[in-house]
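Just so you know, the sequence shown maps onto residues 435 to 871 in my numbering.
Each remark here refers to the structure printed beneath this line.
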Amino acid sequence: MKAPGFNTRLALWIAALVLAALTLFAAAALAYFRHEQFEQVNIELADFLGRYTSAEALPGALPPFFSAARFDAGGRLVEISPGLPEAVARRGLGARSFITEDEPSPGWRVGAARSESGAWVVAAYRLTEVREVLVDMVVSCLVVLPVFAALAAWGAWWVSHRALDPLRKFTTAATEIAARRLDRRVPEPAADDDLRRLALAFNGMLERLEAGFDQAQRFAADASHELRTPLTIMRGEISRLLRAPGISPEVERKLASLQEEIGRLERISEHLLLLASFDAGQQGARHHEPLDFSALVREACEDAEVLASARDVRLRAEIADTPTVRGDPLLLRRLVLNLLDNATRYNLPDGEVACVLREASGRLELRVRNMGPGVPAEARARVFQRFFRADAARVSGGHGLGLALAREIARSHGGELVLAPDPAPGLTEFLLTLPVA
């Protein structure tokens with residue numbers, strides 16, 4: 435489940451705080467209103483008792499909501515208003531202050547006073563109106579408070595959305611900047627505030643990254659280019675020495691070993707030069723053309739089968755006829771051969787390499803699977819990094835550029851190359867996907 439965004443979280447927090455604050459305020463207001471209402475009732479009851487405590491009888495007409503009762507000095511009921519329960523009236527006897535009786539509903543506010551003769555007069559105020567007003571206020575609060583909380587949440591969301599809009603644009607621009615687009619910069623707000631200082635710091639970091647990346651890119655390209663000529667000369671000289679008559683077997687073996695190492699250096703130089711061209715964005719779609727990827731994979735499998743048989747590895751190809759793709763045939767052929775060479779090189783003796791091509795959901799899927807030692811769990815996330823080599827690659831003489839180059843080729847064609855989850859113990863599978871033309 436996707437976590438709510440900052441705007442939503444801020445709005446919810448503010449709504450909760452506003453609701454809590456308004457609830458406390460409403461509770462305090464209700465308590466104060468109730469206290470004031472009861473104080474007003476107490477004043478009216480005290481006034482009534484002051485006027486009728488010494489009277490011989492209760493008045494014939496009582497104010498609204500008022501009831502009264504008279505008791506003699508011995509506590510016997512002498513007179514009581516209709517509707518006033520005797521039990522309520524008796525509970526007022528002897529009370530030092532006004533008391534509230536909740537039963538029977540809606541309740542009574544009761545007070546009593548004693549005359550000089552010892553007789554008691556009890557005054558009671560029916561709390562019908564007070565209770566109704568309090569209930570109406572509670573209902574109003576229950577309706578109004580959520581509305582105010584919702585309005586506060588909407589207002590907080592709107593304000594935060596407007597306030598964070600520059601930061602959102604900043605984030606979008608920063609996300610779009612990749613290693614090959616370090617020349618781009620995030621917008622710098624005109625106002626001299628924290629966002630402007632953040633943008634200036636970020637753009638300064640991008641400038642330093644761009645300079646360092648360009649320097650590393652130029653170094654890789656220049657070094658690879660400068661190495662090609664001397665390596666070619668060295669290979670030619672060693673080939674000439676190997677053809678010379680009269681060299682000893684020991685010298686011939688050493689020269690052959692040197693020639694093999696020179697070939698390895700040439701491959702590294704070529705890969706570095708090609709990777710540098712990808713980094714510089716020079717391997718665009720200008721060399722892409724419609725091609726039969728099925729035929730290309732079949733030809734690559736035929737070439738790789740020679741290498742596989744030399745290493746006692748079987749190559750099994752399941753190549754379905756697929757739609758054409760647009761791409762550079764030389765680069766795609768290099769990609770497929772690279773995967774097949776890796777699968778053959780890092781295989782078990784008498785193992786098998788499976789190459790399966792099919793179409794799925796409008797894309798081509800090429801799966802290359804082998805029976806080698808596999809990729810350690812801690813190395814899976816780094817397998818496409820340049821110059822990264824697992825232990826098996828160190829033993830087999832890999833230089834750690836092949837998979838990085840293969841992924842760059844795949845991405846330059848709108849595809850992707852990933853290390854798929856192991857289909858079974860002891861099996862390793864790489865998955866290449868390409869869009870159809």
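Cβ coordinates follow ideal geometry from the N, Cα and C atoms, glycine included.
- Residue range 599 to 610 is occupied by the alpha helix (DSSP H) that includes Thr606.
- Considering only Thr758, Asp737, Asp784, the residue with the shortest C-alpha distance to Leu773 is Asp737.
- For the pair of segments examined, the segment 476 to 486 was found not to touch the segment 586 to 597: the number of CB pairs separated by less than 8 Å stays below three.
- By the criterion of at least three beta-carbon pairs nearer than 8 Å, the segment 540 to 553 is in contact with the segment 501 to 508.
- As far as DSSP is concerned, Trp592 takes part in no beta bridge.
- By the CB criterion at 8 Å, Arg750 and Val787 fall inside the cutoff.
- Around the beta carbon of Ser501, 16 or more other beta carbons lie within 10 angstroms, which makes this residue buried.
- Per the coordinates, the alpha-carbon of Ala607 lies some 14 Å from the alpha-carbon of Leu634.
- Collapsing the DSSP output to three states places Pro679 in coil.
- If you compare the alpha carbons of Met668, Tyr559, Ala871 with that of Leu479, the shortest gap goes to Tyr559.
- Leu456 and Leu579 do touch by the CB rule: their CB atoms are close to 5 Å apart, below 8 Å.
- The DSSP assignment places complete beta strand (DSSP E) segments of no fewer than 3 residues inside the segment 768 to 847 at 786 to 794, 797 to 804, in order along the chain.
- Here Leu518 is buried. Its C-beta has 16 or more other C-beta atoms within 10 Å.
- In this structure, the CA atom of Asp617 is about 45 Å from the CA atom of Ile672.
- For Ser594, the CB contacts under 6 Å within the same chain, skipping 5 residues up- and downstream, are Asn441, Leu444 in chain order.
- Taking a C-beta distance under 8 Å as the contact criterion, Arg565 and Pro540 qualify as a contact pair.
- Judged by beta-carbon spacing, Ile681 lies within the 8 Å limit of Leu675, meaning their Cβ atoms are closer than that value.
- Between the alpha carbons of His847 and Leu839 lies a gap of roughly 13 Å.
- By the neighbour-count definition (other C-beta atoms within 10 Å, threshold 16), Thr756 is a buried residue.
- Arg760 carries a strand assignment under DSSP once its states are collapsed to helix, strand and coil.
- Of the residues assessed, Arg845 falls on the exposed side of the cut-off, its CB having fewer than 16 other CB atoms within 10 angstroms.
- Each residue's CA atom was taken as its position, placing Ala462 and Val556 some 32 Å apart.
- If you draw a straight line from the Cα of Leu853 to the Cα of Val620, it comes to about 34 Å.
- Counting the other Cβ atoms within 10 Å of the Cβ of Asp626 gives fewer than 16, which makes it exposed.
- Annotation: the continuous beta strand (DSSP E) that includes Ser501 extends over 500 to 505.
- It is roughly 58 Å from the alpha-carbon of His722 to the alpha-carbon of Ala450.
- Residue range 554 to 560 is occupied by the beta strand (DSSP E) that includes Arg560.
- Rounded to the nearest angstrom, the gap between the Cα atoms of Gln693 and Leu765 is 26 Å.
- Taking C-beta separations shorter than 6 Å and ignoring five residues to either side along the sequence, the partners of Gln471 in its chain run Val564, following chain order.
- Looking at the backbone, the Cα of Pro724 and that of Lys603 are separated by about 39 Å.
- In terms of Cα proximity to Ala597, the closest of Pro623, Val577, Ile533 is Pro623.
- When DSSP states are grouped into helix, strand and coil, Phe532 belongs to the coil group.
- With respect to Leu741, Glu700 sits apart: the two C-beta atoms are not nearer than 8 Å.
- Closest in C-alpha terms to Phe582, from the list Val452, Pro438, Leu771, comes Val452.
- Leu576 has its alpha-carbon roughly 15 Å from the corresponding atom of Leu585.
- The beta carbon of Asp775 lies closer than 8 Å to those of Ala738, Leu741, Gly836 in the same chain, with the five residues before and after it left out.
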